[in-house]
Amino acid sequence: MNIKKVSELSGVSADTIRYYERIGLIPPVKRNDNGIRNFDEEDLRWIVFSRQMRNAGLSIESLVEYLTLFQVGNETVPARKEIIADQIVELKEKASDLNTAIERLEFKLANYDEHMIPAENALREFKRNR
């Protein structure tokens, strides 16, 4: 498969695929005699895996570390699990922050006339008197 096809199948842009290869998030892709990348199903799986992990919030650095550990072998399973567990904790913290923000906005919306209008008027008045 060429990079355009892999990009369509994976939902990852061609530029991002090249970047992933350059920084080691995916193994080097085989090339034909003209130097054009020739992707196979395994390459596609690596791209999809890397994108899924990035979408889950793993930093490039964490993902590179994870993949380096993966290459070492099964003795690194505990370290790989720790990377994933750490990301779960981070995502839960972000989810909690988002839920708090949603609750705050829902309160403001539900009490807009009683809460927001007086607060906005007070801010407007404060600004005038500065």
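FYI, full-length UniProt numbering numbers position 12 of the sequence shown as 12, with every residue one higher than the one before it. In this text, a Cβ means the ideal position worked out from N, Cα and C, and glycines have one as well. Just so we're clear, the structure is a prediction, and the values are computed from it rather than from any experiment.
- Query: For ASN2, which option in LEU25, ASN34, ARG22 and GLY24 has the closest C-alpha, if you only look at C-alpha atoms?
  - Reply: ASN34
- Residue environment, TYR66, which counts as buried when at least 16 other CB atoms sit within 10 Å: buried
- Look at the Cβ atom of GLY24, then the Cβ atom of ARG51, and state whether they are nearer than 8 Å. no
- Item | TYR112, buried or exposed, once every other Cβ within 10 Å from all chains shown has been counted against 16 | exposed
- Query: Could you give the distance in angstroms between the alpha-carbon of TRP46 and the alpha-carbon of LEU91?
  - Reply: 23 Å
- Query: When you compare only the Cα positions, how much space is there between PRO27 and SER62?
  - Reply: 16 Å
- Query: Can you pull the DSSP bridge partners for ARG37?
  - Reply: ARG31
- Please report the residue range of the alpha helix (DSSP H) in which ILE26 lies. Counting along the chain, ILE26 falls outside any alpha helix (DSSP H), and DSSP gives it neither H nor E.
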